[in-house]
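Read in order, the letters of the sequence shown correspond to residues 1 to 224 in the UniProt record's numbering.
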Amino acid sequence: MLVNNDKSKIDGLLEILSNESRRKIIELLTKKPCYVSEISYTLRMAPKVVLEHLEKLEKAGIVKSYEEGRRRYYYIDKTLNINITLTPHRFSITYHEDKEGDIKNFISEISKIFNELNNFSGTDLLEKMNRIEKSFRALQREIIEKFDRIIDNMIVKLDEILEEDIDKIITYSLIKGVNTPEKIAQIFNIPYEEVISRFNELEKRGFVVREEKNGKIYWKLVWR
Numbered sequence: 001m002l003v004n005n006d007k008s009k010i011d012g013l014l015e016i017l018s019n020e021s022r023r024k025i026i027e028l029l030t031k032k033p034c035y036v037s038e039i040s041y042t043l044r045m046a047p048k049v050v051l052e053h054l055e056k057l058e059k060a061g062i063v064k065s066y067e068e069g070r071r072r073y074y075y076i077d078k079t080l081n082i083n084i085t086l087t088p089h090r091f092s093i094t095y096h097e098d099k100e101g102d103i104k105n106f107i108s109e110i111s112k113i114f115n116e117l118n119n120f121s122g123t124d125l126l127e128k129m130n131r132i133e134k135s136f137r138a139l140q141r142e143i144i145e146k147f148d149r150i151i152d153n154m155i156v157k158l159d160e161i162l163e164e165d166i167d168k169i170i171t172y173s174l175i176k177g178v179n180t181p182e183k184i185a186q187i188f189n190i191p192y193e194e195v196i197s198r199f200n201e202l203e204k205r206g207f208v209v210r211e212e213k214n215g216k217i218y219w220k221l222v223w224r
């Protein structure tokens, strides 16, 4: 895990993320890799504007790109955590580029510190509390990292099984929490009727199941 408290780097990241259009682009890229005209069409932005935002995001290390055929695809290839702590007694901002850690070690460290708290006071207590906070953050980041690795593995397997691009979009969306045809149609600008048709086909093939909640239909991926 790379922890960076460099003020200029943090200020640069916050400035990049303060732009709503760039946040929309990032959100779209969390669904799947996209090329410029695809982002332009989906988000209703001029291609030139999209390209300018992508260049800034790429320069900041938030996105990367690769060429496939005549298109350049943009994607997010790493987990970046920005932590903002604001309390009546403290304000801090840090960011972390995650590498693989050990959840058991983090939990063990947190438990150990909690057990020691009653034996300390004053400065020692503050130091212990800081250690607990850092361990909690590390645990949170590791859980996110493991979750992302599971999703990556699921996407790779689905990519091998499914042939139709729209089926891949639908299943990727379900993995990432977009679980209604309306949302998928809206996000990717796909005709609603086509999304429904593919859901029905995927249901017949045993890839998805529908669930009704409060009179509304939601879909869930069936993982084998």
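Every residue, glycine too, gets a C-beta built ideally from N, C-alpha and C.
Beta carbon of Val63 nearer than 8 angstroms to that of Tyr73: Within the sequence shown, the letter at position 63 stands for residue 63. Within the sequence shown, the letter at position 73 stands for residue 73. For the pair Val63 and Tyr73, the CB atoms are not nearer than the 8 angstroms cut-off.
Give, in chain order, every unbroken run of the alpha helix (DSSP H) that is at least 4 residues long and sits entirely within the stretch 35 to 101. 36 to 43 and 47 to 59
Leaving out five residues before and five after Asn81 in sequence, what residues of the same chain have Cβ atoms less than 6 angstroms from its Cβ? In the sequence shown, residue 81 corresponds to position 81, counting from 1. Around Asn81: His96 and Arg141.
Out of Tyr192, Glu133, Tyr218 and Asn19, point me to the one whose CA is closest to Lys56's CA. Position 56 of the sequence shown, counted from the start, is the residue given in the question as residue 56. Of the listed residues, the one whose Cα sits closest to Lys56 is Asn19.
Which of helix, strand or coil does DSSP assign to Lys220? Here residue 220 is taken as the residue at index 220 of the sequence shown, counted from 1. Lys220 falls in the strand class under three-state DSSP.
Can you tell me whether Asp165 is buried or exposed? The criterion is at least 16 other CB atoms within 10 Å of its CB, across all chains shown. One-based indexing of the sequence shown puts residue 165 at position 165. Exposed.
Stretch-stretch touch, CB-based, cutoff 8 angstroms, three pairs: the stretch 165 to 185 with the stretch 199 to 219: yes
Rounded to the nearest angstrom, what separates His53 and Ala46 at their Cα positions? Position 53 of the sequence shown holds residue 53. Position 46 of the sequence shown holds residue 46. Taking the straight line joining both Cα atoms gives about 11 angstroms.
C-alpha distance - Pro33 paired with Arg131, whole-angstrom precision: Here residue 33 refers to the residue found at position 33 when the sequence shown is read from its first residue. Here residue 131 refers to the residue found at position 131 when the sequence shown is read from its first residue. Approximately 38 angstroms, taken between the alpha carbons.
Counting only runs that start and end within the stretch 167 to 192, where is the alpha helix (DSSP H) found for 4 or more residues in a row? 181 to 188
What is the DSSP secondary structure of Lys213, counted as helix, strand or coil? One-based indexing of the sequence shown puts residue 213 at position 213. Reduced to three states, the DSSP call for Lys213 is strand.
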